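Under the UniProt record's numbering, the letters of the sequence shown match residues 1 to 1137, in that order.
The structure appears below as structure tokens.
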Amino acid sequence: MGFSSSSFSVIKWFSFCRPTSSILLFLYCILFFFHTEAILGGSDKSVLLQFKNAVSDPYGLLSTWTSSSSDYCLWFGVSCDLNSRVVSLNISGNGGAGNSNAFSCSDSSKFPLYGFGVRRGCVGNRGSLMGKLPPVIGKLTELRTLSLTFHGFEGELPGEILGLENLEVLDLEGNSLTGLLNNDFVRLRKLRILNLGFNRLTGEIPGALSGCASLEVMNLAGNQLNGTIPQFVGRLRGVYLSFNFFTGSIPSELGNNCQLEHLDLSGNFLVSGIPSSLGNCGQLQTLLLYSNMLEEAIPAGFGKLQKLELLDLSRNSLSGPIPSELGNCLQLSVLVLSNLFDPIPKINYTDKDSPTEELSDDSFNYFSGSIPESITTLPKLRILWAPSANLNGRFPSQWGKCENLEMVNLAGNYLYGELPSGFSVCKKIQVLDLSMNRLSGELDKNLPFPYMNLFDISGNLLTGEIPMVCGQDCSLPISHSNRYLDVDDVSSRYLAFFATSIRGATPFTFLGNDDLIMHNFGDNNFTGSLLSLPFPRERMGRKTVYAYLVGGNKLTGRFPDSLFEICDGLAGLIFNISSNKISGPFSVEIGKKCGSLKFLDASGNQMTGQVPASFGELLSLNHLNLSRNKFQYEIPTSLGHIADLKYLCLAGNNFNGSIPSTLGKLQSLELLDLSHNDLSGEIPVDLVNLRGLKVLLLNNNSLSGPVPSGLANVTTLSAFNVSFNNLSGSLPSNNNMIKCSGAIGNPYLRPCHLFSLAVPSSGMQGSEGDPSSLAASPSGVAPQTSGGGSFNSIEIASITSASAIVSVLIALIILFIYTRKWNTKSKVLGSMRKEVTVFTDIGVSLTFDNVVRATSNFNASNCIGSGGFGATYKAEIALGVLVAIKRLAVGRFQGVQQFDAEIKTLGRLRHPNLVTLIGYHASETEMFLIYNYLPGGNLEKFIQERSTRAVDWRILHKIALDIARALAYLHDQCVPRVLHRDVKPSNILLDDDFNAYLSDFGLARLLGTSETHATTGVAGTFGYVAPEYAMTCRVSDKADVYSYGVVLLELLSDKKALDPSFSSYGNGFNIVAWACMLLRQGRAKEFFTAGLWEVGPHDDLVEVLHLAVVCTVDSLSTRPTMKLVVRRLKQLQPPSC
1 MGFSSSSFSV IKWFSFCRPT SSILLFLYCI LFFFHTEAIL GGSDKSVLLQ FKNAVSDPYG
61 LLSTWTSSSS DYCLWFGVSC DLNSRVVSLN ISGNGGAGNS NAFSCSDSSK FPLYGFGVRR
121 GCVGNRGSLM GKLPPVIGKL TELRTLSLTF HGFEGELPGE ILGLENLEVL DLEGNSLTGL
181 LNNDFVRLRK LRILNLGFNR LTGEIPGALS GCASLEVMNL AGNQLNGTIP QFVGRLRGVY
241 LSFNFFTGSI PSELGNNCQL EHLDLSGNFL VSGIPSSLGN CGQLQTLLLY SNMLEEAIPA
301 GFGKLQKLEL LDLSRNSLSG PIPSELGNCL QLSVLVLSNL FDPIPKINYT DKDSPTEELS
361 DDSFNYFSGS IPESITTLPK LRILWAPSAN LNGRFPSQWG KCENLEMVNL AGNYLYGELP
421 SGFSVCKKIQ VLDLSMNRLS GELDKNLPFP YMNLFDISGN LLTGEIPMVC GQDCSLPISH
481 SNRYLDVDDV SSRYLAFFAT SIRGATPFTF LGNDDLIMHN FGDNNFTGSL LSLPFPRERM
541 GRKTVYAYLV GGNKLTGRFP DSLFEICDGL AGLIFNISSN KISGPFSVEI GKKCGSLKFL
601 DASGNQMTGQ VPASFGELLS LNHLNLSRNK FQYEIPTSLG HIADLKYLCL AGNNFNGSIP
661 STLGKLQSLE LLDLSHNDLS GEIPVDLVNL RGLKVLLLNN NSLSGPVPSG LANVTTLSAF
721 NVSFNNLSGS LPSNNNMIKC SGAIGNPYLR PCHLFSLAVP SSGMQGSEGD PSSLAASPSG
781 VAPQTSGGGS FNSIEIASIT SASAIVSVLI ALIILFIYTR KWNTKSKVLG SMRKEVTVFT
841 DIGVSLTFDN VVRATSNFNA SNCIGSGGFG ATYKAEIALG VLVAIKRLAV GRFQGVQQFD
901 AEIKTLGRLR HPNLVTLIGY HASETEMFLI YNYLPGGNLE KFIQERSTRA VDWRILHKIA
961 LDIARALAYL HDQCVPRVLH RDVKPSNILL DDDFNAYLSD FGLARLLGTS ETHATTGVAG
1021 TFGYVAPEYA MTCRVSDKAD VYSYGVVLLE LLSDKKALDP SFSSYGNGFN IVAWACMLLR
1081 QGRAKEFFTA GLWEVGPHDD LVEVLHLAVV CTVDSLSTRP TMKLVVRRLK QLQPPSC
């Protein structure tokens, strides 16, 4: 300890002296104490220098720590007591002193986190320390606070730190620490705050933490911890366990002697109901349970939580009524009952999609009843957020004084009634989204919507005129932008979060850093005319983009020039007036009046005249849709000057003349739709310069000449249609998106002339001018051509008759030859029963003979795949009618009678993501199944070839969700339950749009008893078979869950289930072990297929990876059901294009 044994001799000697010597002993002890403290203080300095030498400090955070410094207690981040002993080591990386943010990352008193990871996202300018956490810290024996947040420390937590018996605060948030939490925490008797959030810790929470009697706050959020929620956390004040892998239910014991003030269990895999005992936590201020799999109703006992300020139960599977008892929570300021993270609807406001479609999967909270008025009148309520929550009933009429109300989102529900006048006194409200409900009546003219950042009442039944400005009682509210940064205020954090989410969810990709203000009145029954935009001049600014959306109403009158009077005061204007009854022409000077116009949709009106050439001066224009009007004359060549234009739709008008070659200059153009006009001349060769073009629709015009061969080099094309023109020559052959199906009705176009005589049925006709409808149709009149190059009706009839006669003769000859060959096989096939049982009518007769004939007697040239159940053949039963024939291996299945009984059960199964079983044949010598043919191949091929295409997270997620839905249907909705038992990529088929379909479902039930063991390779495939199935042959729905998890891992990565690259890890190492290893080591980024991490949302990618790993754990009780998997994937569903 720095002193010799002679000191003890002196003390011992004094003890034997006379009493008068006690004074001398006292003086000696004082000198001895200060001498010892000086020596120990010097030891602390040595420890600090050892700490500095053990870490990497590229930014010089510890530059003041030098041996020559006289007072180490003044070093950066170091605090000492009166005896110069180090009691606090507080060094924050990427934050702390000098941070320009409104708070300090290193301040451990800034609890709670409130589930948003605010401290995780803390950014400053002080740099970070890196390396392993030095064990020498354990020698600072008087240390009470150790706070080293937001650095790059990695490796395991040194056991020496857990020996600091005086430690009160251990804050290592935001590092890369790995390993397990061990039982040595029991030694930290004085520990009050434990913050290890946002590291890479694994395993379960050790029971030893319950022995830390002084523990008040525990933050382990954002790790990879698993197991169940321990019961002892109920006696703590703050518990943050969000975004881990905790499973099971929330322990009801949390409510026993509950001391909780803040509880965050969001982002886990918790199931069952919310325990009503949480209502006993009388000190609870924040309760965050979002993004779990919780079911049943919200406990009415929550009404006892008198101090509750924030309640977020969104993104679960809760049901039942919203308890009116919540109205007793008088401190409640934020109530989030559902959250889709997409409160702004799509651009196309003419598509009146029912919210029922979004809610049909029971994927999120699905409540009943309306919002109780005891909640809407809460005095401190600032946010009420419950979109698409199945709320129904009358819209609440009482909103109290709403003095604090700032955000209300009840969109996508079934609320009816009038919008209450009480909203007119809500002077602070910034977001009011009531879209997609059943509201009726007229709007209060004093409604302060012009001063709201988001006002959305689209998709209702509202009538009357749209108010232009609010009345005399409407005044400009105080700006709340600064208050959104008040991170010490929990509700302000949610305000900031939702404000950011609203802006991030907008479909307007051209916003940049500008602020968006959006007022949406679309899809109602508003009448009257528009004279001006209801936007106060005092809100204008060069960083403000204003969106005024009134499409889908009954507005009349001419298009007024006055609408664009405010343009010069804005960074951008978005204007949608589609699907109304607006008439008249545009002003000739429109391009000179609104240079900031970015988005104009005037489609579906009655506008006439010529599109002014001044449109070419709208250089900020990104989206122009004038389809389905009565415009005429030529398309102005000046449109080619709008360099930023991405979307140009002029379909369904009366434009004539040629397509301007200047459109080839629009290098940003992604969609060009000029269909359903009277355009003539050739397709400009300049269009081949549009290298980013995705959709090209020129159908139903009078275009002639060739299709430019250079279009084959436009590799971004996903939709192409030039049907019903007078084109000639050949289609470009080296682009998969340029097909004959998009060029029908062109008599001289090769090689698609066979289609030219076919008049499309009414079912082919798309919506005129709607680029989403890619099937072309004639405009009601046959395409006219000039000159004598076309056939008249008599010539066409003659050619048709002659062709038919020749075709019949050829068919008879072929049939005669084929019949003679067929007769030679009668010895093999003659004894068979030739009945084909049909479950689904496909419009042509299905017989044994035409099935065998269509496969060329199951010739290998028609084989498109093979597996444990047999080979699959492509068969064209009739012209253009393709099916897939799975020829089963006779002898491996049950007898014919049992086979008939089982297959008829499977034939009744119908689901959008199951391959359709059309019919079957079964006899003693031949068995085959008839399925619908899917041209996209199987998932195995998709994974192997995906390096040839750009990775798209939406497609991968869609495939994962499609198969999960199919399995959930088989497990939960089929009676009796159907177990697949061989889920693997080759049994997952795709169509051309990457919709996924599960095949071979239920076939394992048809196997004979000797053929059902997993090791046969029939009722399971090695690498995908669940371990309990392989070892015990016990099959359950959880075996399918395991197989699905393996498939999901393959879909996310570049590896196979038993990839050869795993051989270096030893026998038995597979993709499951690899995923677990990377997660455990904090290297999740390395798991994903090339490019996916760069284009996909990181949090969602890691969470889907976690979901796949949970599906493949050994414990059957821990594996989720497929229904829960569907719910979680729905919660992580990316926004559509």
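Don't be surprised by glycine CBs; every beta carbon is placed ideally from N, CA and C.
No experiment lies behind these values; they were computed from the predicted model shown.
- Note on geometry: alpha-carbon atoms of SER723 and PHE508 lie some 31 Å from one another.
- In chain order, PHE185 place their CB closer than 6 Å to the CB of LEU209, counting only its own chain and leaving out the 5 sequence neighbours on each side.
- For the pair ASP991 and GLY936, the CB atoms are nearer than the 9 Å cut-off.
- Taking C-beta atoms under 8 Å as the contact rule, THR463 and PHE526 qualify, at a distance of about 7 Å.
- When beta bridges are read from the DSSP output, ARG237 appears opposite no residue.
- PRO534 places its beta carbon 9 Å or farther from that of PRO660.
- The alpha-carbon of PRO612 is positioned some 19 Å away from that of ASP678.
- Bridge pairing for TRP385: VAL336 and ASN409 [DSSP].
- Secondary structure at THR905: helix, using DSSP grouped into helix, strand and coil.
- Under the DSSP assignment, TYR920 falls in the beta strand (DSSP E) whose first and last residues are 917–922.
- Pairing GLU1028 with ASP1114, the inter-Cα distance amounts to about 8 Å.
- Boundaries cannot be given for LEU419, as no beta strand (DSSP E) includes it and DSSP labels it neither H nor E.
- With contact defined as three or more Cβ pairs closer than 8 Å, the segment 1117–1133 and the segment 1065–1077 are not in contact.
- When the alpha-carbon of THR149 is set against those of LEU129, LYS139 and GLU165, the nearest one is in LEU129.
- Annotation: the continuous alpha helix (DSSP H) that includes ALA968 extends over 953–972.
- By DSSP's assignment, SER866 forms a beta bridge with ALA871.
- By the Cβ test, the segment 648–664 is in contact with the segment 680–690, since at least three Cβ pairs between them sit closer than 8 Å.
- Within the model, the alpha-carbon separation for ASN223 versus ASP993 is close to 37 Å.
- In the structure shown, MET540 adopts coil according to DSSP, grouped into three states.
- Here TYR931 is buried, its C-beta having at least 16 other C-beta atoms within 10 Å.
- For GLU538, the closest C-alpha among the options ILE566, VAL78 and GLY131 is that of ILE566.
- With fewer than 16 neighbouring CB atoms inside 10 Å of its own CB, THR948 falls in the exposed class.
- The segment 846–866 makes contact with the segment 881–889, as at least three CB pairs between them are under 8 Å.
- Counting only the Cα atoms, PRO585 lies some 11 Å from GLY557.
- In the DSSP secondary-structure assignment, ILE988 is bridged to LEU998.
- Judged by beta-carbon spacing, VAL408 lies beyond the 9 Å limit of ILE466, meaning their Cβ atoms are not closer than that value.
- Taken through DSSP and simplified to helix, strand or coil, HIS151 comes out as coil.
- Here the segment 216–233 makes contact with the segment 252–270; the two share three or more CB pairs at distances below 8 Å.
- MET436 carries a coil assignment under DSSP once its states are collapsed to helix, strand and coil.
- DSSP places THR286 in the uninterrupted beta strand (DSSP E) bounded by 286–288.
- No Cβ-Cβ contact shorter than 9 Å links LEU495 with GLU403.
- CA-CA distance, PHE198 to LEU909, rounds to 46 Å.
- At a Cβ-Cβ threshold of 9 Å, SER314 and ASN392 do not count as neighbours.
- When DSSP states are grouped into helix, strand and coil, LYS1056 belongs to the coil group.
- Residue pairing by DSSP places MET607 opposite GLY584 in a beta bridge.
- Residue environment for VAL588: exposed (fewer than 16 other C-beta atoms within 10 angstroms of its C-beta).
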